[in-house]
Amino acid sequence: MTTDMFEQRTSGLLQDLRDTGTDKQLRYLTGPMGATVSLEDRGEVICLCSNNYLGLANHPEVVKAAHEGLDQYGAGTASVRFICGTFACHRDIEETIAQFSSTEAALTYVSCWCANEAVIATVVEKNDVIFSDELNHASIIDGCRLSRPRERVVYKHGDMEDLAAKLSAAADADTRWVITDGVFSMEGAVANLAGLVDLCRKHDARLIVDDSHGVGVLGATGRGTVEHCGVLGEVDIITGTLGKALGGAAGGYVAGSRDLIDLLIQRSRPSLFSNALPSSVACSARKAIELVSKDTTLVDRLRANIASIRSGLAGLGFECQDSPTAIIPIMIGDEADAIRKSERLLELGVWVVAFGYPVVPKGKARLRVQVSAALTGEHVEKILEAFGSL
Ligand SMILES: Cc1ncc(COP(=O)(O)O)c(C=O)c1O
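Each residue of the sequence shown is one higher than the one before, starting from 5 at the first, in the working numbering.
Structure representation (structure tokens):
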């Protein structure tokens with residue numbers, strides 16, 4: 005028996021998770037991400053838990069673009085951006101992202117996690133105040149923790165009155181930064197970006213939106229929550245991921261003014277001290293954005309699937325809030341019960357993951373359904389049949 009504190013508390017925590025049936029298990033896939041996936045221990049199942057919203061993760065043109073990136077540039081940069089790690093494909097993807105986001109410029113990072121930490125910690129100065137929605141993603145929270153403002157203020161989820169009062173109370177700050185998810189990843193709720201843009205204008209505050217779950221999903225042409233809310237080109241800073249709808253590989257970005265991007269190139273620590281986005285990903289993500297920009301076929305297909313799954317689940321008696329997003333949380337409450345239900349669904353050939361603490365608050369465990377454009381009508385039928393027998 006060891007007397008080391010770290011080992012004791014770690015084995016205690018792990019035992020506790022096992023005893024309560026709330027420990028997470030990694031499942032191994034033996035093939036690509038798609039409407040169905042091949043699980044090492046279960047065989048083929050319908051995947052209803054990936055962020056592969058547009059089904060582009062294994063799209064032949066996206067995969068081909070990655071191969072071409074590898075052929076032209078090799079495996080990677082072996083350098084951070086400012087030393088010798090900026091390839092022409094970085095300029096190409098960044099121009100494509102800026103155009104898609106209706107901003108002057110963009111800069112990529114190896115993940116949106118890095119992008120959020122980079123931008124928040126770089127732009128926020130010591131006499132600034134941050135206002136963060138209480139349900140913001142962990143990467144925004146950590147970005148806020150890394151920055152050194154005069155104060156970090158959390159406002160009630162989506163509550164414009166609470167935010168307005170808090171903005172007024174900090175009127176003497178140098179810059180006030182409002183930060184929100186575009187689509188909240190555990191609820192599927194959409195931020196009121198039109199209201200936030202108005203409020204920020206009124207209070208002379210700046211708005212940062214992480215649209216990781218909105219891009220490719222929302223808006224008539226898939227440009228995200230900004231398009232859905234009618235504020236394309238009106239948000240100061242947008243961050244997003246290339247690891248979900250836009251090809252599903254990895255990578256993140258910040259989009260905004262030319263000066264903002266130049267500041268990040270000079271000062272943001274994840275780009276100064278960490279390697280650039282691999283060239284294969286720069287090329288595959290660019291192809292993914294090209295496919296989304298070409299026409300609305302994929303976005304329309306996703307929208308139709310969201311509508312049929314949402315209404316089908318509601319018809320079965322599950323409480324689904326009315327939302328245009330591809331995230332449908334089914335509230336269960338008890339974490340072990342949620343895990344049991346996800347196990348049962350998997351036995352029925354449908355992979356849906358249960359989320360509990362610390363990803364969501366204690367007592368608010370849920371099954372999170374995530375819809376993809378790749379699902380066919382047959383898949384949708386099978387999904388609803390499985391939920392119907394829960
Ligand atoms: C809202 C939000 N922001 C950022 C991230 C991080 O994205 P990435 O996987 O590119 O780091 C996620 C991932 O789950 C997310 O949901």
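We treat Cβ as the ideally placed atom computed from N, Cα and C, and that holds for glycine.
Item: Could you give the distance in angstroms between the alpha-carbon of A241 and the alpha-carbon of D214?; Value: Checking the sequence shown, residue 241 turns out to be Ile, not Ala. Approximately 9 Å between the Cα atoms of the pair.
Item: Helix, strand or coil for C51 per DSSP?; Value: strand
Item: What I want to know is whether the C-beta of S143 ends up closer than 7 Å to one or more non-hydrogen atoms of ligand 1.; Value: yes
Item: Taking only three categories from DSSP, how would you classify F91?; Value: coil
Item: Quick one: any contact between the stretch 89-96 and the stretch 115-133, if contact means 3 or more CB pairs under 8 Å?; Value: no
Item: Please give the ranges of any beta strand (DSSP E) in the stretch 111-165, keeping only runs that are unbroken, at least 3 residues long and fully inside the region.; Value: 133-137 and 155-159
Item: Whose C-beta lies closer than 6 Å to the C-beta of E48 among residues of the same chain, with five residues either side of it excluded?; Value: T40 and S42
Item: With H, G and I counted as helix, E and B as strand and the rest as coil, what does DSSP make of R314?; Value: helix
Item: Let me check understanding here. Comparing Cα to Cα, which of G337, D20 and L222 lies closest to F359?; Value: G337
Item: Given S393, which residues of its chain have a CB within under 6 Å of its CB, disregarding the five upstream and five downstream residues?; Value: none
Item: Relative to the C-alpha of M335, which residue among A209, K368 and P274 is closest?; Value: K368
Item: Considering Y77, what are the terminal residues of the alpha helix (DSSP H) in which it resides?; Value: P64 to Y77
Item: Confirm the yes/no value for this check: CB of H232, any heavy atom of ligand 1, distance under 7 Å.; Value: no
Item: Quick one: what does DSSP say A358 is sitting in, helix, strand or coil?; Value: strand
Item: Would you be able to state if there are at least three C-beta pairs under 8 Å between the stretch 98-109 and the stretch 253-268?; Value: yes
Item: Below 8 Å between beta carbons: does that hold for R370 and A342?; Value: yes
Item: I'd like to know if the stretch 230-239 and the stretch 191-210 are in contact, where contact means that at least 3 CB-CB pairs between them fall below 8 Å.; Value: yes
Item: I'd like the list of long-range same chain contacts for G247, defined as Cβ closer than 6 Å, with 5 residues on each side in sequence excluded.; Value: A254
Item: If you follow the alpha helix (DSSP H) that Q19 is in, where does it begin and where does it stop?; Value: M9 to D23
Item: First and last residue of the alpha helix (DSSP H) that includes G199?; Value: L197 to H207
Item: Report yes or no: do the stretch 122-133 and the stretch 179-188 share at least 3 C-beta pairs separated by less than 8 Å?; Value: yes
Item: Expressed to the nearest angstrom, what Euclidean distance is found between the alpha-carbon atoms of P36 and G256?; Value: 21 Å
Item: Assuming S278 and T245 form a contact by the criterion Cβ under 8 Å, report the distance between their Cβ atoms to the nearest whole angstrom.; Value: Not really, about 16 Å apart at Cβ, beyond 8 Å.
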